[in-house]
Each structure stands twice: as structure tokens, then as C-alpha cells.
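First residue of the sequence shown? That's -5 in the numbering used here, and the numbers climb one at a time after it.
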Amino acid sequence: MSQKYDSDIISLDLMGDTVIVLNSIAAADALLEGKSAIYSDRPEFPMLNDL
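Shown next, in the form of C-alpha cells:
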């Protein structure tokens, strides 16, 4: 499917859930290793911040 759209990254909507397909090692490395600080986040706990 990625060859059809000429992209290594494809986003699909499957029954209301978004699925991202990384179809190459380069795409996976760029998103998961190179920009991990952008995509990794911790949930905010407002009650803990008020203490």
C-alpha cells in the first residue's frame, strides 16, 4: 500500500482508531529515535501540581 501512495508512512482509520504504519526502517528510525522527545509525554496530574 505504501508503494501506491509513494510514502513510507501511512495513517489509517480502522473503526474509529488511528493506525500509523511505518513501512521502512528509515521512517521508523526518524520518528521513534530521532524525534522521541516530541512524541513521548507524561500525563499531567493537576492535583499533584497543586500540592
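For every residue, glycine included, the Cβ atom is placed at its ideal position computed from N, Cα and C.
{"Item": "Alpha-carbon to alpha-carbon, residue 20 and residue 29", "Value": "13 Å"}
{"Item": "As assigned by DSSP and simplified to three states, the class of residue 7", "Value": "strand"}
{"Item": "Whether residue 55 touches residue 17 by CB criterion (8 Å)", "Value": "Missing from the structure shown is residue 55; the chain here goes from -5 to 45 and no further."}
{"Item": "Rounded separation between residue 6 and residue 38 - CA only", "Value": "28 Å"}
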